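All the letters of the sequence shown, read from the start, carry residue numbers 2 to 523 under this note's numbering. The block underneath contains the structure these notes are about, expressed in structure tokens.
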Amino acid sequence: MPANHLFDALRAAFPADLDAIAVETADGPGAPLAYRWRDLDRGSAMIANLLASLELPPASRIAVQVDKSVEALMLYLAVLRAGHVYLPLNTAYQAGEIGYFVGDAEPAVLVCTPAAFAWVSTIAFRAGTGHVFTLGDERSGTLLERAAFHADAQQPVPRRDDDLAAIVYTSGTTGRSKGAMLTHGNLLSNARALKDFWDWRSPDPAQGVAGDVLIHALPIFHVHGLFVACHGALLAGCRMIWFARFDARAVVARLRDATVFMGVPTMYVRMLAEPALTRESCSAMRLFISGSAPLLIETFRDWQSRSGHVILERYGMSETVMLTSNPCRATDGERRGGSVGRPLPGVRVRVVDDQDHLLAAGQTGHVQVKGPNVFKGYWRMPEKTADAFTDDMWFRTGDVGRFDADGYLAIVGRSKDLIISGGYNVYPAEVEALLDELPGVAESAVVGVPHPDFGEAVVAVVVPRAGVAAPDPQALIDALKGRIAGYKVPKRVLVAPELPRNAMGKVQKNLLRDAQRALFTA
Ligand code: MCA
Ligand code: AMP
């Protein structure tokens, strides 16, 4: 068995006592429910055996759009065990988005919620997907019904370091979304680096060591919740307190039972609004980690004064998993607000100019990265893959940053036209294309504007078509809802006679952003 099979590595880290609690649900149907390590092992084996019974070609894509549940985590583990490729999909995605992903990835199996079965299965069967199962958040649906007939032991299908484990779609700056192909080696090297760097503490009952307890309140269809949070806890054999939905008050109430929390900045902002967040409520906590979007320095400072803890900010991407981190151990240095820390062990990060020439510390330029964590390429897009790498195979992140003299990186902007709202990525081109199709709209520009809750909020500026009545902003918002995921729908639509353009005719989005800077914060 190759040592780098991701499931094997996770399984090897399960505690000796398989009857210990692995996951405890904090909300959702039937909560609190306790899942033992044995349950994760047996449940994932049964689903893996069900997948094997379908006799799919090796490395088939298994697309999953389900609500967060521990069974959904078992499904992920089952896909790894069965030697297939996991393709997680945001539950907010609508028919147009699902249609694209299914058409592009050609999954052999799709798992959706019972409520979405009618429309999702229609899309999937039309695209040639052979099997559609359902999985509800109350342990309901055909996936578990069918898996119940299969054995609860399974020998994982051998996979090599560079075999695919997952495809994660990241929206394209222009045109189509791209599937980032992540290998077993990518995910495992990163999980191991983080286990060590963040000092994950495994339980050791013989020594009286309780081990870390993670509050898991992130969605599990993205890198942060699935690969950083779940892999972290699993690879250390640590218990998770599992929230299907993020609720600031409920999470704050459970901090005294936990030692580690991971979240996007919006989650920290919302928890700070809870009077129950105090030093006392955080006294059992060891580590607060933030990522997926820039953490404002005010949030960093407010958190320190309210909780007594210094947030550890880290930086990563779907294509690369985690890249840099502020130190965990005091001996490794300070946790610096406004900085994403130093490159993780084994990861190389450089800042270059427009010609890919190395810049000195203190100079701002493009962030490029290299390492065992960097993905294999974009699914069936060799040209886009080639464009994403330099000649000497550094990956262009599209982020703009600057190293301090002591090797700490600050992300100061993005060269890619991307909005990050509450940790979710929104590509303006996708929203603009839909707006431009709506009646009365001649053209549009979509920008990110500072927002107290989401960090950045999506705002659209539309130019009315000549000779017709100006479109009603609310009608445009309503028209987009149901066509794209809710977090992509502009929070505000503004009507303007024209868009500012430079001499080349390019829309000057910076001017639009500046003009609307105080829209939500005034
Ligand atoms: C929900 N809504 C949003 C967002 N989330 N609008 C803008 N931005 C958002 N992020 C809208 C919904 O469309 C809905 O609108 C209304 O808010 C309520 O929806 P609900 O689902 O109840 O929202 P919520 O529970 O309050 O969600 C906020 C959230 C969530 C908990 C912050 O957005 C979230 O879980 N964010 C984390 C995303 C994440 O895991 N990113 C990691 C990506 P309406 O009422 O109009 O219908 S991985 C990554 O980025 C890299 C690799 C990395 O470094 O980690
Ligand atoms: P995704 O495409 O969802 O993987 O998002 C990756 C992007 O999120 C990165 O390219 C950054 O622009 C952004 N990002 C992630 N973590 C941070 C952070 N700590 N600070 C600033 N930006 C971040």
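Just so it is clear, CB atoms sit at the ideal spot from N, CA and C, and this is done for glycine as well. Nothing here was measured: the structure is a model prediction, and the numbers come from that model.
Secondary structure at R466: coil, using DSSP grouped into helix, strand and coil. Of all alpha-carbon atoms in P344, N91 and R82, the one lying nearest the alpha-carbon of L11 is that of R82. R330 is not a Cβ neighbour of D437, given a cutoff of 8 Å.
Within the model, the alpha-carbon separation for L165 versus A523 is close to 47 Å. Per the DSSP secondary-structure output, C113 pairs in a beta bridge with Q66 and T135. Between the segment 397–408 and the segment 427–445, the count of C-beta pairs closer than 8 Å stays below three; the two stretches do not touch. By the CB criterion at 8 Å, L512 and P501 fall inside the cutoff. Under DSSP, I412 forms a beta bridge with G402. The closest heavy atom of the ligand MCA lies less than 7 Å from the beta carbon of G487.
Counting only runs that start and end inside the segment 195–234, the beta strand (DSSP E) elements of at least 3 residues fall at 214–217. Annotated three-state conformation of H452 is strand, per DSSP.
A distance of 8 Å or more separates the beta carbons of A17 and D153.
Under the Cβ criterion (8 Å, minimum of three pairs), the segment 287–294 does not count as touching the segment 146–160.
If you compare the alpha carbons of D163, T92, S61 and L55 with that of A73, the shortest gap goes to T92. Where L278 is concerned, there is no enclosing beta strand (DSSP E), because DSSP gives it neither an H nor an E. In the assembly as shown, P383 is an exposed residue. Its beta-carbon has fewer than 16 other beta-carbons within 10 Å. G339 has its CB no nearer than 7 Å to any heavy atom of the ligand AMP. With the rule of 3 Cβ pairs closer than 8 Å, the segment 405–420 counts as touching the segment 340–350. No heavy atom of the ligand MCA is found nearer than 7 Å to the CB of G372. When secondary structure is reduced to three states using DSSP, M272 falls in the helix class. In terms of side-chain proximity, the C-beta atom of M182 is found no nearer than 7 Å to any non-hydrogen atom of the ligand AMP.
Relative to the Cα of P115, the nearest Cα in the group T143, L88, A125 and E320 belongs to T143. For the 8 Å CB-CB criterion, K417 and G399 form a contact. A distance criterion of 7 Å places the beta-carbon of Y170 beyond contact range of the ligand MCA, judged by its closest non-hydrogen atom.
Taking a cut-off of 7 Å from the heavy atoms of the ligand AMP, the residues with a C-beta inside it are T171, H223, V224, S291, G292, S293, A294, P295, L296, E314, R315, Y316, G317, M318, S319, E320, V341, T398, G399, D400, I412, R415, L419, I421 and N426. Per DSSP, R147 lies in no beta strand (DSSP E) segment; the continuous alpha helix (DSSP H) that holds it begins and ends at T143 to A148. Boundaries for L500: no beta strand (DSSP E) harbours it, and the DSSP string shows neither H nor E there. Out of D248, G414, I242 and R246, the CA that lies nearest to the CA of R257 is found in I242. Annotation for P429: no beta strand (DSSP E) segment contains it, though the alpha helix (DSSP H) segment containing it runs P429 to D437.
Shortest gap from the CB of M75 to any heavy atom of the ligand MCA: 7 Å or more. The way I'd put it, the segment 25–35 doesn't touch the segment 50–58; fewer than three beta-carbon pairs between them come closer than 8 Å.
For T321, the secondary structure class from DSSP, reduced to helix, strand or coil, is coil. Counting along the chain, the unbroken alpha helix (DSSP H) around K385 starts and ends at P383 to A389. In this model, A194 and V459 are separated by some 35 Å (Cα to Cα). When beta bridges are read from the DSSP output, H151 appears opposite no residue. Taking 7 Å as the cut-off, one finds at least one heavy atom of the ligand MCA near enough to the beta carbon of G423.
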